[in-house]
Amino acid sequence: MKVNVTAMNNNLINKRKQAKGVEGPKRTLRRLKKKSFWSVLLSCLTGLFFLTFITGCGQPRVSPTSTETNKPPKPIVYTSIYPLYDFTRQIGGDKIIVRQLVPSNAEPHDWEPAAKDLMELQKAGLFIYNGAGMEPWLDKVSATFKETDCILVDTSSGINLLKWAAEEKTTKKEAPETGHEPKAITLEDKSEDEHNHEHAYEHGLYDPHIWLDPVRAKQQAANIKEALVKISPENEETFTSNYRQLAAALDELDGQF
């Protein structure tokens with residue numbers, strides 16, 4: 150029996166062609182579905198982008214109210230050392246900008262301001278310092294403040310300073326009161342007044358660490374509050390309220406000793 154190989158091959162080829170002809174449309178349909186999905190997704194994303202853009206452009210710009218634009222800038226207040234910085238920060242709150250001049254890791258007696266520090270001080274409305282000889286470098290830079298509107302605040306003003314323990318054993322004089330001028334001392338013995346004005350602080354007769362005593366620290370805080378009210382009277386109520394909270398905390402601390 151003869152087998153027509155050529156005919157068999159032709160039949161096999163025809164069947165394969167028919168199979169391809171049937172599966173071809175299915176594959177094409179799947180490709181079209183995938184293409185349609187991504188086309189729709191891309192169209193949606195594009196439409197969403199333009200919708201967001203148009204909506205954003207249509208929103209009216211919010212301009213600051215007249216009250217906000219007319220607000221005066223916050224006063225810049227410099228303090229010499231950290232304890233005064235902390236008092237000022239608590240009293241001033243968010244109504245002022247407080248900065249500390251002497252770094253916390255520096256010795257206030259030996260530290261001296263650099264040229265950049267003096268330039269920064271010229272921007273200040275207040276410079277709050279301890280007084281009582283704590284900042285001996287202050288006299289050297291006093292000319293800087295004469296050229297500005299910066300107000301110097303001696304927080305030792307009006308406070309009876311404590312004498313060092315060694316001095317208390319050798320003298321019967323009362324602790325002095327500082328005047329309104331920086332480093333001014335008034336002693337009861339008028340005959341030696343001039344001498345003590347010049348040498349009391351220099352020789353370390355009085356303890357300048359006023360903030361360590363809660364009662365005297367409270368007086369320092371009161372001096373700071375009054376100074377803040379002078380440069381920002383519209384915030385007097387806030388300053389007074391904050392001061393009272395600080396004073397109450399100092400009273401409580403004093404009661405623990």
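Plus 149 on top of the position in the sequence shown (first one is 1) and you've got the working numbering. Glycine is no exception: its CB is placed at the ideal position from the N, C-alpha and C atoms.
Segment limits, beta strand (DSSP E) that includes Ile246:
246 to 249
How would you label Pro237, buried or exposed, when you count the other beta carbons within 10 angstroms and need 16 or more for buried?
The sequence shown places Thr at residue 237, rather than the Pro named in the question. Thr237 comes out buried.
My assumption, with CB atoms under 8 Å, is that Asp303 sits in contact with Gly280. Please give the rounded CB distance.
4 Å
Sort Asn391, Gln271, Tyr278 by Cα distance to Glu297 and report the nearest one.
First, the residue type needs correcting, since residue 297 is Thr and not Glu in the sequence shown. For the residues Asn391, Gln271, Tyr278, the minimum Cα distance to Thr297 belongs to Gln271.
For a minimum of 4 consecutive residues, which ranges assigned as the alpha helix (DSSP H) are wholly contained in the region 358 to 394?
363 to 380
Below 6 Å CB to CB, which residues in the same chain sit around Lys374 once its five sequence neighbours on both sides are set aside?
Ile240, Phe388, Tyr392
Any beta strand (DSSP E) of 3 or more consecutive residues that is wholly inside the region 225 to 285:
225 to 228, 246 to 249, 275 to 278
I need the straight-line Cα distance from Pro383 to Ile300, nearest angstrom please.
A small fix is needed here, since residue 383 is Glu in this sequence, not Pro. If you take the alpha carbons of Glu383 and Ile300, they lie about 18 Å apart.
Is Trp313 buried or exposed, if buried means 16 or more other CB atoms sit within 10 Å of its CB?
exposed
Cut-off 7 Å between Cβ atoms - residues of its own chain near Gly242, not counting five sequence neighbours on either side:
Thr387, Asn391
Just to confirm, are Ile359 and Ser305 a CB contact at a threshold of 8 Å?
yes
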